[in-house]
Amino acid sequence: MILEDEIIKKYLIKADYKEYSDHWVFYNIEKDRYLFKEPSYKNEILIQDIYKRIISFLKDFKPFNEEYFNLLFPNFKSILENTPVILTVGCPFPYDAMFREFNGRDYVIFDLIRFSQYAEKGYDLNIIIKILLTHEFTHKCIKEKYPLIKNASYLQKLNYIVFDEGFAHLLSYKDNIKIINFSSENYKDKFQKAKLMLIEAVKEKKEEEQKEWLKKADSGEYWEKFPSICGKLYLADNLSSLSSIYIKGWKYIISDIIYYYQL
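All residue numbers for the sequence shown refer to the numbering used here, where the first residue is 17 and numbers rise by one.
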């Protein structure tokens, strides 16, 4: 990977935040909006530790569910070697980890203040870092094979989100998804709720309402992101077919999901 850590270095030497607040990242967190939050120094020592941990993880990256990662992305190491990783501060909640394109190049972006908030809540930082690295690098590997077409329609965007986020959420969910009982009532209920919302989104014909559905698709709490959850739990229910689903691609995955559960 190509480490771009200029922002975090400036933060750690207490440079004026105006030296980096105009970085392109803050203009690309959300479309057509500038988002920047003045960084706090409350967890400065912790953030310095997170910085060192991320660098260590990046030097020898081993994703969660490495067996499936290698199966789906056999050349992932070479892909990641050429992927810029930006370590920053200044992204508002909830933007802890992102995958963005700028000037024709893909970037993985991590906000270390957002990472520090996981530690405040008692989470194991090493696990959180590995989850987020696995998630964002999954996006990068998928885009290498399946870039979203320009001027994609509403339904094409929905299909792509289900596919892309479904794989990213599944592969980064736990360190070994093979031992999870995805057929439990808890997961069935979550899938049913997400599927019903997805069907409603697919039915929408009004352009303004479609925009709202796309916003809902990528906002809210983890289990509320209905295309991601629908894709994730469909894939989890078909682990033995994961490779063939990936090879088939994203264009008809919503139809495949709806048809699969009508059988």
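Beta carbons are placed, not taken as given, at the ideal position from N, Cα and C, and that holds for glycine.
Quickly, what does DSSP pair V101 with across the bridge? List them, please. L19 and V124
Alpha-carbon to alpha-carbon, L103 and Y67: 8 Å
Just to confirm, are I143 and Y189 a CB contact at a threshold of 9 Å? no
Given this structure, state the Cα-to-Cα distance separating Q226 from Y170, to the nearest angstrom. 7 Å
So for R281, helix, strand or coil by DSSP? Residue 281 falls outside the range modelled here, since the chain spans only 17 to 279, and no answer is possible.
Taking Cβ positions, are D112 and D122 nearer each other than 9 Å? no
S132 classed as buried or exposed, judged by whether at least 16 other C-beta atoms fall within 10 angstroms: buried
Does the Cβ of P79 have 16 or more other Cβ atoms within 10 Å, making it buried, or fewer, making it exposed? buried
From D76, Y238 and R130, pick the residue whose C-alpha is nearest to that of F97; which is it? Note that residue 97 is Glu in the sequence shown, not Phe. Among D76, Y238 and R130, the Cα nearest to that of E97 is on D76.
Using 8 Å for Cβ pairs, my map puts E160 next to I95. What's the rounded Cβ distance? 6 Å
Output yes or no for whether 9 Å exceeds the beta carbon distance between T150 and L174. no
Close Cβ partners of D140 (< 7 Å) along its chain, the five nearest in sequence each way excluded: none
Relative to the alpha-carbon of P110, which residue among I23, N91 and L51 has its alpha-carbon at the smallest distance? L51
Let me make sure I understand the geometry here. Which of I71, N197, K232 and E224 has the alpha-carbon closest to that of A210? K232
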